[in-house]
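*Asks:* Let me give you the structure first, and then I'll get to my questions.
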Amino acid sequence: MKTEKQQRLNEYYLKYKHTESGKKARRRAEQKYKKTPKGQEVQRIANRKKKLKFPEKIKAQNAVHDAIKRGKLDRPWVCELCKAEVFIEAHHNDYAKPLEIVWVCAACHKKLHFHKNSPIKAVISAP
Ligand SMILES: [Zn+2]
Ligand SMILES: [Zn+2]
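Take the sequence shown: its letters are residues 1321 to 1447, numbered as in our numbering.
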């Protein structure tokens, strides 16, 4: 159980969080933290992880969006695997070839990524 005093303090902070000065204070605290060695280390690791994990993927996705925007590619409305007529996502077997796309629904896309040895994978790599 919270004491009444704690409760009041809590309410005060909840309101304060949404005020301009509350937001400013949080930003200031964040910035201060980023300047500490610990904060910089955390920041550096997060950036490095992002780059390491997704550079090709992000480039490939951008290339697809770009091609769609320029009218070079059409996003189909039928999944190449299960023939479902839903919103279709672009899957890359090889991010180095950003315009070699397998158009699949979200469900098939998940399967492609999470069940590496699924029969679907075999279907795709078959000629
Ligand atoms: Zn599908
Ligand atoms: Zn994919």
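Just so you know, even glycine gets a beta-carbon here, dropped at the ideal spot from N, CA and C.
Put histidine 1435 into one of helix, strand or coil per three-state DSSP.
*Replies:* Histidine 1435: coil per DSSP, three-state reduction.
*Asks:* Cβ-heavy atom distance between histidine 1429 and ligand 2 below 7 Å?
*Replies:* Yes, Cβ of histidine 1429 sits closer than 7 Å to a heavy atom of ligand 2.
*Asks:* Could you say if the stretch 1385-1395 and the stretch 1408-1426 meet the contact criterion of at least three C-beta pairs nearer than 8 Å?
*Replies:* Touching, yes, given that three or more Cβ pairs across the two stretches are closer than 8 Å.
*Asks:* If you follow the alpha helix (DSSP H) that alanine 1380 is in, where does it begin and where does it stop?
*Replies:* Looking at the DSSP string, the run of the alpha helix (DSSP H) that includes alanine 1380 is 1375-1389.
*Asks:* Grab the span of the alpha helix (DSSP H) containing glutamate 1350 for me, first residue to last.
*Replies:* Element bounds for glutamate 1350: 1340-1355.
*Asks:* I need the straight-line Cα distance from lysine 1344 to threonine 1323, nearest angstrom please.
*Replies:* C-alpha separation (whole angstroms): 29 Å.
*Asks:* Assuming glutamine 1360 and lysine 1352 are in contact, meaning their beta carbons sit under 8 Å apart, how far apart are those beta carbons, in whole angstroms?
*Replies:* 12 Å between Cβ atoms; not a contact.
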